[in-house]
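Per my numbering, residue 1018 is the first one in the sequence shown, and the count goes up by one each step.
Report on the following structure.
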Amino acid sequence: MTSVALPAVETLLRRTLGERRMGLVAWRLLVMQIAHPVVAAGMDRYSTYRAHPWRRIEHTMESGSRLFFAGPGERRLEVARLQRTHRRIHGTDAAGRAYSAEDPEVRGWVMVTLYESMTAMRELSGDPLSPAERDVLYAEFLDVCTALGIPGEVLPASAADVPAYVEQTVREVLEYGPEVRDLLHGMLRQAPAPRRLGRLAPAWPVLRVVLARALAALTVSDLPPAWHERFGTSRGPAGAALSWTLHHGLRHAMALAPDRVRYRHRSVSGAPAPARVPVPRARSGGDSRPARLEAFFRRVLDQTGNGRVDSADLQAMVHTMCWRLELPAEREDELYAAFEGWWRQLREAADTDGDGGVDCREFVSAMTSGVDRDPAYLEKGLVPAVRALFRAADADGGGALGADEYRALFGGPRVHPAELNDGFRAMDADGDGQVGEEEFVAAFCAFFTARSDSSAGAGLLGRA
């Protein structure tokens, strides 16, 4: 990954969005977006924010980096990627209302909330943008909306029209639903420790309670007046004091700081890798499959974090793979289709209660009984998906994964280089320095079938 500072062509949009203190209004921005019923429905059905909040935030920041800070070519690639992702997000919400992530009015709202958050950050810090600056910022912002294909008619015509548009949407469209309540009061209290905590990770259970309370108070305090009137919330004196202290204090601190501190550094090539799965060891002499399968279910399959798996979870998993591997559209479609085929087999074999999803107990039972009963069981779902994954990772089309391609698929900041080397050597059964497709498939099959941890495939995804 190449890390760069703000681009040489510095616009007001890039300068404002690139400030670290935008983090103070980030949760406010998410609340405003998720309160839209269409966004809430899509988040509830397809998003990984519950199970993998930090990875989801990293992906969002990476996408924003490519849209707002990279060059035209990188932006075009990101726009195409988002379009492919959004076309798969549609359905019917709990109230029976149809929703689609391709709805232009919804896409317009999501983008306008970003512009509105930039202006709110300046206002809350006591340094509001002038009308002329707002016009410049909004014109630069509309250029990105045009690149995204958002029709101009669904957006406010000018910067001066944005406040009325936001107020009307808050009063007439937004809902204070369970997704908003979870974001404000639940998600952070359950989130795993961010990997950057390092040695402070053991203190995370205490830290996250304190952080969750402070973040909820700050976010509620900073929401617009129309929100408080619509939903009966209030800034409160403690929240108002916290908001004033943080926004004003950080504004003055950053004014004295060098640019490398004031502005975030941006990655413009590549995305964070999915974490490898720590798999608990089975007791000596026992069948280690249930422990591995349970870890696989909770850490890999249950992408939405609701304790059950359905088609949306496998789509979210494939989305992460596509993001990491930078796949073209046709390869993405092949990978989605292959994993959808595995999902159909899983549902047929494991959904014993007929509720349309598979829980952990059903998954472990179906997989162990399936491979014990039918030697060809994995060939009917998992193996085609794994073969599609291999071909997606085989970037040069050479029919084998080299070490670099292996690292692109399995590597990342959470995986020690020595573990990657060991995993590659274990998968390379014939020792030729490459992993062929059959070696790749055999390792995955061993992960699901080996009764002991001595098999190379049993440690494929890492160990605790």
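C-beta: ideal position from N, C-alpha, C; glycine also.
Review point. Just the Cα atoms here: how many angstroms apart are L1159 and D1449?
Key: 53 Å
**Study point:** Alpha carbon of G1113 to alpha carbon of A1412, nearest angstrom
**Key:** 42 Å
Review point. Do R1037 and R1281 have their CB atoms nearer than 8 Å?
Key: yes
**Study point:** Environment of F1464 [buried if 16+ CB atoms lie within 10 Å]
**Key:** buried
Check your understanding: What separation, rounded to the nearest whole angstrom, lies between the Cα atoms of R1225 and M1204?
Key -> 10 Å
Review point. Helix, strand or coil for R1031 per DSSP?
Key: helix
Practice item. Please state whether DSSP places S1469 in a helix, a strand or coil. Key: coil
Point to revise | 8 Å Cβ cutoff met for T1033 and L1131 | key: no
Review point. Cβ atoms of A1333 and Y1063: under 8 Å apart, would you say?
Key: yes
Point to revise | Nearest residue (CA-CA) to N1438, options E1454, G1453, L1263 and D1421 | key: D1421
Review point. If we ignore side chains and look at the alpha-carbon of each, how far apart do D1372 and G1324 end up?
Key: 13 Å
Point to revise | Cβ pair E1357, R1101 closer than 8 Å | key: no
Review point. L1029: which of A1156, F1380, C1462 and A1058 sits nearest, CA to CA?
Key: A1156
Review point. Going by DSSP, what residues sit across from H1107 in a beta bridge?
Key: S1117
Exercise for review: Give the range of the alpha helix (DSSP H) segment to which P1307 is assigned.
Suggested key: R1306 to F1313
Check your understanding: Can L1240 and M1138 be called in contact, C-beta distance under 8 Å?
Key -> no
Exercise for review: State the DSSP-derived secondary structure class of G1415, mapped to helix, strand or coil.
Suggested key: coil
Exercise for review: Compute the distance between the beta-carbons of L1200 and L1047, then report whether it is under 8 Å.
Suggested key: yes
Review point. Do you know offhand how far V1161's Cα is from A1255's?
Key: 37 Å
Review point. Grouping DSSP H, G and I as helix and E and B as strand, with all else coil, what is S1301?
Key: Residue confidence is low: S1301 scores 48 on pLDDT, short of 50, so the model does not pin down where it sits. No coordinate-derived value is stated.
Exercise for review: Within 10 angstroms of the Cβ of P1173, are there 16 or more other Cβ atoms? Answer buried if so, exposed if not.
Suggested key: buried
Check your understanding: Quick one: what does DSSP say A1288 is sitting in, helix, strand or coil?
Key -> Note on A1288: pLDDT 39, under 50, position unreliable in the model; the coordinate value appears next. It is coil, neither helix nor strand.
**Study point:** Whole-angstrom distance between Y1116 and L1395, CA atom to CA atom
**Key:** 35 Å
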